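Just so we're aligned: 257 in this note's numbering is position 256 of the sequence shown, and the numbers increase by one with no gaps anywhere. First the structure, in the form of structure tokens, and then the observations on it.
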Amino acid sequence: MVTPHQPPAPTAQDQLGFDPEALRARYRAERDRRIRPDGTGQYRRVTGELETYARDPYADPESTRKPLYDRVEVAVIGGGFGGLLTGARLRQAGVQDIRMIEQAADFGGTWYWNRYPGVHCDIESYVYMPLLEEIGHVPAWRYAPGEEIRQHARAIGRHFDLYRDACFGTRATELRWDEGESEWIVFTDRGDRMRARHVVVSSGTLSLPKLPGIPGIETFKGHMFHTSRWDYAYTGGDADGGLHKLADKRVAVIGTGATAIQIVPHLGHDARELYVFQRTPSSVDVRANRRTDPTWAQSLTPGWSRRRRDNFLSLVSGGQVERDLVNDGWTASARLLQNLVPTDSYAHLPAEERERLGELADFQKMNELRARVDDLVDDPATAEALKPWYRYMCKRPTFSDTYLQTFNRPNVTLVDTADHGGVERVTENALVVGGTEYEVDCVVLATGFEVGVSGILSGELQVHGRDGVTFAERWKDGPRTLHGLYSHGFPNLFHLGPVQNAASVNFVHILDEQAIHVAAVLAEAHKRQARHVEPSVDAEAAWVTTIHEKAHSLHKFQAECTPGYYNNEGMPRQRSETFGDGPVAFHELLRRWRAEGGMDEVVVG
Ligand code: NDP
């Protein structure tokens with residue numbers, strides 16, 4: 002209930018200046034236009050003959066080493082921020098014997114692979130980049146370029162001595178639990194058979210590039226690569242652009258997600274001709290990147306990065322804060338709802354009313370973004386095609402001050418594929434949409450990544466727990482974990498990721514809280530000289546129930562969204578598997594669990 006002394010929120014149609022029902026109908030129609038019956042089946046994995054699309058362009062192909070048969074206390078699989086944070090937090094907790102295992106030739110994860118032209122963090126780097134104060138680094142840009150973030154990942158590796166004993170160029174292929182020894186045997190593609198008391202799997206949730214299964218794609222005779230394996234030998238230039246070898250080339254980009262938004266301005270600038278094949282437009286908000294003000298950097302006091310990061314997380318997950326410290330596109334959209342609802346009455350509103358007002362705020366935001374397209378794009382038909390018709394968080398929002406303007410260039414053409422389910426066919430030298438052949442020399446696949454659970458759900462990493470049981474068998478009716486981090490039947494094994502845990506647009510923050518928790522549990526196990534860390538069947542069942550009880554509202558939202566990887570290509574699972582009360586509540590729950598005797602639930606034997 003809004004308390005009587007406050008003015009009513011401006012929600013009547015005449016005050017709003019738009020018709021909510023008309024927008025709802027348009028969103029439904031645009032969604033239905035894009036739903037494909039094959040859902041996630043439309044994509045192809047980069048395995049077998051397609052494996053070449055996942056090859057590491059930065060590794061020395063000649064690098065060899067002898068297989069390892071030794072023993073370590075903790076093996077961490079994955080050298081992206083999840084793995085690095087786990088390593089760092091374990092070191093802080095006093096664990097010395099750590100081996101990092103990483104498929105790439107260095108640390109960095111996402112930022113190792115994604116070095117495409119224009120690559121930048123789309124979250125403010127002061128809240129995105131972890132361990133800034135520990136490393137003593139203030140990012141040079143508000144939204145850092147990928148190379149700065151990659152170098153920061155390496156600095157974390159050095160600072161916490163994680164290069165020592167690391168295995169790079171090594172893909173863990175299988176884990177087998179040895180009950181007699183209470184340890185895991187880790188098999189890798191280098192022939193290793195090492196043993197580890199504990200294993201932490203953090204091999205990424207969006208790390209395997211996926212390719213569109215467009216008929217004829219294998220017949221293309223020109224050049225083709227995925228954005229996460231950018232071929233600078235072919236394009237020239239570097240992550241800052243200057244793709245001079247494309248000056249005489251006709252280039253196609255398939256996809257218009259967060260990656261394409263950063264690439265397209267460079268390709269438009271440097272290619273002879275650029276065709277952007279779009280199925281669903283992204284929302285594109287103002288970026289306003291700028292160099293860090295040195296006076297501001299000097300004014301920062303200890304604890305600043307945690308305060309800022311917590312403040313951001315609260316706001317973008319629907320919470321209220323006294324002051325918006327980040328104050329950028331992400332937080333401004335989050336604050337929209339608060340502008341509609343007087344702060345002190347928000348908590349008293351019934352859930353349906355909050356939902357209704359949330360939808361109105363969303364309409365307002367998306368109207369603003371659609372108007373921005375009209376402001377920036379000259380050709381009315383192109384502008385119309387570039388407008389996103391769905392709710393703000395149906396797809397990852399994007400930010401750019403150059404993407405939309407690129408379509409005003411005479412050498413750049415937008416090809417709208419929405420009515421054809423995407424690019425229909427590929428020939429030896431062209432992409433085909435609606436009967437028109439677009440001849441090109443090069444195709445850049447900005448088609449995204451498979452959604453996996455650190456390789457466990459995708460089957461990339463075979464795990465045989467107690468009695469040889471696999472995750473596929475144990476989880477045949479859905480994931481079963483405690484806090485998303487460990488599962489009964491798989492002692493001393495931790496898996497990082499959003500499943501049955503928290504999620505946020507600033508995912509590295511989530512990973513850090515997971516790493517802090519895992520390190521605390523492992524340190525406690527060490528202190529108690531426990532042989533096993535494993536949740537009981539009851540603790541796990543209670544957590545699965547909690548997750549399912551809180552998850553329903555997300556399903557409704559996702560079912561109404563335009564298809565994409567956020568909603569399983571328009572076929573959202575009945576239940577979302579992330580904690581429904583949001584990350585702030587989840588982190589508080591973990592802190593309480595640690596403080597109030599939770600360890601007894603998992604540290605056994
Ligand atoms: P996405 O999955 O977001 O986008 C893939 C694109 O390919 C979509 O536009 C999709 O269209 C399109 N597509 C797929 N198949 C076809 C087809 N057959 N024909 C035409 N179009 C097709 O991948 P991205 O790499 O852009 O982004 C993935 C994620 O990576 C982001 O959501 C974000 O989480 C992260 N990211 C983060 C950045 C950061 O700075 N932190 C920067 C870049 C990415 P449709 O939408 O219709 O399916």
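All C-beta atoms in this analysis are idealised placements derived from N, C-alpha and C, irrespective of residue type, glycine included. Just so you know, these numbers come straight off a predicted model, no measurement behind them.
Assigned exposure category for residue i - 16 Cβ within 10 Å defines buried
i      : result
Ile36  : exposed
Phe82  : buried
Trp114 : buried
Val538 : exposed
Asp179 : exposed
Trp297 : exposed
Thr4   : Its pLDDT being 36, under 50, Thr4 is placed unreliably in this model, and the coordinates cannot settle the point.
Asn493 : buried
Tyr404 : buried
Gln559 : buried
Glu514 : buried
Gly490 : buried
Phe19  : exposed
Any non-hydrogen atom of the ligand NDP within 6 angstroms of residue i CB
i      : result
Val424 : yes
Thr257 : yes
Tyr276 : no
Asp123 : yes
Pro213 : yes
Gly359 : no
Thr428 : no
Gly565 : yes
Arg397 : yes
Thr547 : no
Arg230 : no
Arg532 : no
Gly217 : no
Arg280 : yes
Thr414 : no
Thr206 : no
Thr471 : no
Thr260 : yes
Thr41  : no
Separation of residue j from residue i, as counted between CA atoms
i      : j      : result
Glu561 : Glu103 : 38 angstroms
Gly466 : Arg595 : 26 angstroms
Val201 : Arg159 : 20 angstroms
Gly599 : Glu125 : 34 angstroms
Ala60  : Asp107 : 9 angstroms
Thr547 : Thr579 : 10 angstroms
Tyr142 : Gly79  : In the sequence as presented, Tyr is not what sits at residue 142; that position holds Trp. Spanning the two alpha carbons is a distance of roughly 27 angstroms.
Pro295 : Thr482 : 45 angstroms
Val433 : Arg426 : 5 angstroms
Arg593 : Gly485 : 16 angstroms
Arg288 : Gly435 : 34 angstroms
Ser229 : Pro351 : 45 angstroms
Ala23  : Ala259 : 28 angstroms
Leu337 : Ile457 : 38 angstroms
Gly359 : Ser204 : 35 angstroms
Tyr70  : Val500 : 32 angstroms
Ala610 : Trp112 : Residue 610 cannot be examined here, being either before or after the span of the chain that is shown, 2 to 606.
Arg475 : Val464 : 11 angstroms
Glu52  : Ile255 : 19 angstroms
Met394 : Ser318 : 11 angstroms
Glu369 : Ala26  : 19 angstroms
Lys211 : Val187 : 26 angstroms
Residue(s) in a DSSP beta bridge with residue i
i      : result
Val424 : In DSSP, Val424 forms no bridge with anything.
His533 : Val605
Cys607 : As displayed, the chain neither begins before 2 nor continues past 606, which places residue 607 out of reach and without an answer.
Val413 : Leu275
Ile186 : Arg177, Arg196
Cys168 : Ile102
Phe226 : Val445
Tyr44  : Pro213
Phe364 : Per DSSP, none; premise fails for Phe364.
Gly242 : Asp239
beta-carbon residue i near the ligand FMN non-hydrogen atom, thresh 6 angstroms
i     : result
Arg92 : No copy of the ligand FMN appears in this structure; the ligands present are the ligand NDP.
**Prompt:** Are at least three pairs of beta-carbons, each pair with one atom in the region 151-166 and one in the region 185-205, less than 8 angstroms apart?
**Reply:** no
Using 8 angstroms as the cut-off, can you tell me whether the region 435-449 makes contact with the region 304-319, which would need three or more C-beta pairs spanning the two stretches below that distance? Not touching, per the Cβ criterion.
Q | Inter-stretch contact (C-beta, 8 angstroms, three-pair minimum) for the region 275-284 and the region 398-413 | A | yes
* Asked: Taking one C-beta from the region 214-231 and one from the region 523-540 each time, how about it: are there three or more such pairs within less than 8 angstroms?
  -> no
message: I'd like to know if the region 121-135 and the region 266-273 are in contact, where contact means that at least 3 CB-CB pairs between them fall below 8 angstroms.
response: no
Exercise. Is there contact here, the region 170-186 with the region 415-423, by at least three beta-carbon pairs under 8 angstroms?
Worked result: no
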